[in-house]
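A.B. asks: Residue numbers (my numbering): 29 to 429.
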Amino acid sequence: MREYRDIGDWMGGGDALHEVQTVASLPSPTFREKGKTYVSFSTNNYLGLADSPRLVAAARKGLDLYGVGNCESRLLGGNLDVYVELEAKLAALKKKETSLIFATGYLTNLGVLSSLVKPAQSARIYGFRPQCKFNYAYFSDEYNHLSIREGIRLSEVQKFNYRHRDMNHLESLLGKSDAEGKIIVSDGVFSQDGDIAPLPELLDLADRYDAMVYIDDAHGTGVLGAHGSGTSEHFGVTSPRLIQMGTLSKAYGAIGGFIATESYIGDILRLSCSAYSFTSTLPPDQALACIEAIDMVRDEPERRARMWANQQYFLSLMDKLPYRVLSRTTPIVPVFIGDERLCDRFAGLLKDAGIHVDAVKFPAVGIRKARLRVMLNAGHTREQIGRLAGVLEENQGLLAG
Numbered sequence: 029m030r031e032y033r034d035i036g037d038w039m040g041g042g043d044a045l046h047e048v049q050t051v052a053s054l055p056s057p058t059f060r061e062k063g064k065t066y067v068s069f070s071t072n073n074y075l076g077l078a079d080s081p082r083l084v085a086a087a088r089k090g091l092d093l094y095g096v097g098n099c100e101s102r103l104l105g106g107n108l109d110v111y112v113e114l115e116a117k118l119a120a121l122k123k124k125e126t127s128l129i130f131a132t133g134y135l136t137n138l139g140v141l142s143s144l145v146k147p148a149q150s151a152r153i154y155g156f157r158p159q160c161k162f163n164y165a166y167f168s169d170e171y172n173h174l175s176i177r178e179g180i181r182l183s184e185v186q187k188f189n190y191r192h193r194d195m196n197h198l199e200s201l202l203g204k205s206d207a208e209g210k211i212i213v214s215d216g217v218f219s220q221d222g223d224i225a226p227l228p229e230l231l232d233l234a235d236r237y238d239a240m241v242y243i244d245d246a247h248g249t250g251v252l253g254a255h256g257s258g259t260s261e262h263f264g265v266t267s268p269r270l271i272q273m274g275t276l277s278k279a280y281g282a283i284g285g286f287i288a289t290e291s292y293i294g295d296i297l298r299l300s301c302s303a304y305s306f307t308s309t310l311p312p313d314q315a316l317a318c319i320e321a322i323d324m325v326r327d328e329p330e331r332r333a334r335m336w337a338n339q340q341y342f343l344s345l346m347d348k349l350p351y352r353v354l355s356r357t358t359p360i361v362p363v364f365i366g367d368e369r370l371c372d373r374f375a376g377l378l379k380d381a382g383i384h385v386d387a388v389k390f391p392a393v394g395i396r397k398a399r400l401r402v403m404l405n406a407g408h409t410r411e412q413i414g415r416l417a418g419v420l421e422e423n424q425g426l427l428a429g
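Below, the structure is given as structure tokens:
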């Protein structure tokens, strides 16, 4: 096992533990940095909507109609009609009764997960006095996104981590818990591994143990399912126990987050969730762009078809090489490297060839589980994908080092 002198040496050496790149243009999928052009395989812009003329025109229309920002809480004077329209479209997309939008997806998880378990406390201002303390517990997949983990921590209720996608372990934790309110929380698509949560099995356990299921569908919304509605459509499941969270900054190419849920939960959160009621939401031009993006995913299925064709082409090339691919089910295709410094070296070799791929290391993943997280989208060409695979083929001998 390789020895490291200190944390800086382990993380790759140099004066800084991590150098944040500054670019001159957004990846579409090419971008400019310091006068050079690179192909990005690290963008969440899965369908290439972010700079599409149709989406830009919608955002420009929003600027003309509403200006730059609403500058007000929605509970006061900031509840614009465009927000209500967007929430109605998102609820219909997820086949739920209502939805709430937030400024970002991260803020959505922080706000909802921290307040979902506190309705009785919030109701005290209206004179409600519960007869007994209602006991809640969260059951969280160990690979869940940091925003989920922080939202649960802020809730100050019990948390039990279950092994990644291990339904037997989850069931054992549910069976041992005496909590009256059990909430299972999972990513829909896991951002660092690219695999999909077993949603039907999660809902089955929720039925058996009288639990709710909260799915963070950030990387599934707009991508998975016959019409891009996300993980629930991918599996063909619906349930009143299911709370669906999503972001508007990935496949939809804009900014914002949301949850789609039953009306009674939405009503509670509008009053009890500070991240909704005590801050401004996304700018109105972005809301109008998101409305257009939902329609574009429906109207232009060829975008998703190109994305999936690119994913399949990359996998076909990787099948000829000695690399371990961690997932084959989503546009996130992580190529396992293991050693952190070696992963940085691969990323550097790709950068020298005009290709940007994120080297994902601890703490985003476990120690010595570093990987090149390749993210395919509708804008990649076969030549670009072939060049990426070609660099990996030329340097495959490094794996034996």
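Glycine residues also receive a C-beta, built at the ideal position from the N, C-alpha and C atoms.
By Cβ distance, which residues of its chain are closer than 7 Å to Val185, with the 5 residues on each side in sequence left out?
C.D. replies: Val145, Tyr164, Ala165 and Tyr166
A.B. asks: Within a Cβ cutoff of 6 Å, which residues of the same chain sit near Val51, ignoring the five residues on either side of it in sequence?
C.D. replies: By the criterion of a C-beta distance shorter than 6 Å, Val51 is surrounded in its chain by Phe59 and Glu61, once the five residues flanking it on both sides are discounted.
A.B. asks: Is Leu201 a contact residue of the ligand SAH, with contact defined as CB to any heavy atom under 6 Å?
C.D. replies: In the structure on display, the ligand SAH does not appear, and there are no ligands present to speak of.
A.B. asks: On the DSSP bridge assignment, give the partners of Ile213 in chain order.
C.D. replies: Residue identity check: residue 213 is Val in the sequence provided, not Ile. Val213 pairs with Ser168 and Tyr242.
A.B. asks: For my contact list, Gly284 and Ala131 are in at a C-beta cut-off of 8 Å; report their separation, rounded to the angstrom.
C.D. replies: 7 Å
A.B. asks: State the beta-bridge partners of Tyr66 as determined by DSSP.
C.D. replies: Phe59
A.B. asks: What do you reckon, are the CB atoms on Val265 and Pro228 nearer than 7 Å?
C.D. replies: Pairing Val265 with Pro228 gives a Cβ-Cβ distance under 7 Å.
A.B. asks: Please identify the residue among Gln412, Arg373 and Leu141 whose C-alpha is closest to the C-alpha of Leu426.
C.D. replies: Of Gln412, Arg373 and Leu141, the residue nearest in Cα terms is Arg373.
A.B. asks: Tell me which same chain residues have a C-beta within less than 8 Å of the C-beta of Asp223, skipping the five on either side of it?
C.D. replies: Arg193, Val217, Leu354, Ser355, Thr357 and Thr358
A.B. asks: Out of Phe188, Arg401, Ala119 and Gly106, point me to the one whose CA is closest to Ile211's CA.
C.D. replies: Phe188
A.B. asks: Spell out a yes or no on whether the stretch 96-106 and the stretch 295-310 are touching, meaning 3 or more CB-CB pairs, one atom from each, closer than 8 Å.
C.D. replies: yes
A.B. asks: Examine the Cβ distances between the stretch 230-244 and the stretch 266-278 and report whether three or more of them are shorter than 8 Å.
C.D. replies: yes
A.B. asks: Taking the alpha-carbon positions, what's the Leu316 to Glu115 distance?
C.D. replies: 11 Å
A.B. asks: For a quick check, are the C-beta atoms of Val325 and Gly250 less than 7 Å apart?
C.D. replies: Taking 7 Å as the Cβ cut-off, Val325 and Gly250 qualify as a contacting pair.
A.B. asks: Give the DSSP-derived three-state secondary structure of Ala78 in the structure shown.
C.D. replies: coil
A.B. asks: If I measure Cβ to Cβ from Leu54 and keep anything under 7 Å in the same chain, skipping five residues before and after, which residues do I get?
C.D. replies: Ala78 and Asp79
A.B. asks: State yes or no: is the C-beta of Met403 within less than 7 Å of the C-beta of Ile360?
C.D. replies: yes
A.B. asks: Given this structure, state the Cα-to-Cα distance separating Ala333 from Tyr94, to the nearest angstrom.
C.D. replies: 35 Å
A.B. asks: Please list, in chain order, all residues of the same chain as Pro401 whose beta carbon is under 6 Å from its beta carbon, the five residues on each side excluded.
C.D. replies: The residue you asked about is not Pro; residue 401 is Arg in the sequence shown. The answer, listed in chain order, is Pro362, Asp386 and Val388.
A.B. asks: Does the Cβ of Val112 have 16 or more other Cβ atoms within 10 Å, making it buried, or fewer, making it exposed?
C.D. replies: exposed
A.B. asks: Excluding the 5 residues flanking Tyr134 on each side, which residues of the same chain have their C-beta closer than 8 Å to its C-beta?
C.D. replies: Excluding residues within five positions, the ones whose Cβ falls inside 8 Å are Ser175 and Gly285.
A.B. asks: Are Leu297 and Leu128 close, meaning C-beta to C-beta below 7 Å?
C.D. replies: yes
A.B. asks: When burial is assigned at 16 or more other CB atoms within 10 Å of the CB, is Glu368 buried or exposed?
C.D. replies: buried
A.B. asks: Counting only the same chain and skipping the five closest in sequence on each side, list residues whose C-beta sits under 6 Å from that of Lys379.
C.D. replies: Non-local C-beta neighbours of Lys379 in its own chain, meaning closer than 6 Å and more than five positions away in sequence, are absent.
A.B. asks: What first and last residue would you give for the beta strand (DSSP E) that runs through Asp386?
C.D. replies: Start and end: Asp386 to Val388.
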